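Structure, as structure tokens:
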Amino acid sequence: MSEGQGAPGWHGKLPSLGDFASRRLDAGFVEAWDTWLAAGLLALRERDAEGWLAAYLATPSWRFLLMPGVLPGDCGRQGWAGVLMPSVDRVGRYFPLSIVLPLGAQPASTQQMRSLWNWLGRLDELAADALHDDWSPERLEDELERMAGPGLDVLAGAGGSPGAAPGTVVELALPPGVDAALAIGIEAQSLWCAHAAGRAYWYASSELQPPRLLVSNGLPPAAALLGATIPA
């Protein structure tokens, strides 16, 4: 069954605004995300009081996929996907812009993962346009309404366990319309999702550095992402 995705929400700074703004994001997510980013900016300043701003502004845009279990509390019960890039408000206070989609389901196939990643690429371009062209919140909202996330399949009927003992036998459900090949694929994807719980995937590509794909258990130190200092 395909789980439809609505328009993504956003949080952070826009050059056209004088303060923080958020739209369509759960308060628990905003609190956890904001705390993580604020701690990263503080660590960046403390590490290099004179050079932190240059490092921050050199930060690439990061596309990310957070599997369930990465974030604390109730917002960790589901996955999240989005983009994160350095930004500043109208009065010169620096804080990233995040555009984020809560995932009602995880990608259930390589094709769905590719669709999600391609969608993140388009979202990345939209966010860059919003910052470079000083979009108003209303303009950003209008554009995001046309950026509903790709449909993802709910992994229903999967069985088995990543830690099942040798010799364990589990019957996989075969509901109407699901053949053996599809059932096996669903079960395999379910096992991947179980193994990937708590993992976060980060991708960046820019003219200044080659593409990077990082995997972290939980959230990495935000100062590393914001300072573009993760070693190759």
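Residue numbers (this note's numbering): 10 to 241. Heads up, the beta-carbon is just placed ideally off N, CA and C, and yes, glycines get one too. The model shown is predicted, which means the values in this text are computed figures rather than measured ones.
Which residue's Cα is closest to the Cα of residue i: the options?
| i | options | result |
| --- | --- | --- |
| residue 137 | 190, 89, 99, 71 | 71 |
| residue 226 | 139, 81, 120 | 81 |
| residue 79 | 17, 52, 203, 160 | 203 |
| residue 26 | 35, 148, 113, 18 | 148 |
| residue 99 | 218, 146, 36 | 146 |
| residue 15 | 189, 193, 150 | 150 |
| residue 35 | 61, 87, 67 | 87 |
| residue 21 | 43, 37, 161 | 43 |
| residue 118 | 193, 186, 39, 234 | 193 |
| residue 104 | 31, 183, 128 | 31 |
| residue 41 | 83, 74, 67, 234 | 83 |
| residue 74 | 63, 67, 128 | 128 |
Inspect the beta-carbon positions of residue i and residue j and report whether they are closer than 8 Å.
| i | j | result |
| --- | --- | --- |
| residue 122 | residue 205 | no |
| residue 48 | residue 231 | yes |
| residue 53 | residue 65 | yes |
| residue 126 | residue 111 | no |
| residue 215 | residue 69 | yes |
| residue 106 | residue 140 | yes |
| residue 116 | residue 161 | yes |
Which residues in the same chain have their Cβ closer than 6 Å to the Cβ of residue i, if we skip the five residues on either side of it in sequence?
| i | result |
| --- | --- |
| residue 212 | 72, 222 |
| residue 167 | Because the pLDDT at residue 167 is just 43, under 50, the model does not fix this residue reliably, and the value given afterwards should be weighed accordingly. Here the set comprises 195, 196, 199. |
| residue 143 | 24, 25 |
| residue 29 | none |
| residue 241 | The predicted position of residue 241 is uncertain, since its pLDDT is 43 and thus under 50; a value taken from the coordinates is nonetheless stated next. Around residue 241: no qualifying Cβ. |
| residue 37 | 82, 83, 84 |
| residue 19 | 32, 108 |
By Cβ distance, which residues of its chain are closer than 7 Å to residue i, with the 5 residues on each side in sequence left out?
| i | result |
| --- | --- |
| residue 228 | 45, 79, 209 |
| residue 135 | 152, 156 |
| residue 61 | 53, 54 |
| residue 207 | 76, 78, 79, 226, 227 |
Spell out the partners DSSP gives residue i in its beta bridges.
| i | result |
| --- | --- |
| residue 88 | 112 |
| residue 215 | 218 |
| residue 29 | Residue 29 pairs with nothing; no bridge assigned. |
| residue 73 | 91, 211 |
| residue 225 | 209 |
Residues in the same chain with beta-carbon distance under 8 Å from residue i, minus the five sequence neighbours each way, listed in chain order, please.
| i | result |
| --- | --- |
| residue 56 | 232, 236 |
| residue 85 | 77, 78, 79 |
| residue 17 | 33, 91, 108, 109, 110, 132, 153, 156, 158 |
| residue 97 | 22, 24, 103, 104 |
Reducing DSSP to helix, strand and coil, say where residue i ends up.
| i | result |
| --- | --- |
| residue 17 | coil |
| residue 104 | coil |
| residue 144 | coil |
| residue 167 | Residue placement at residue 167 is flagged as unreliable, the pLDDT there being 43, under the threshold of 50; the coordinate-derived value follows with that caveat. Residue 167 falls in the coil class under three-state DSSP. |
| residue 79 | coil |
| residue 124 | helix |
| residue 97 | strand |
| residue 153 | helix |
| residue 183 | coil |
| residue 34 | coil |
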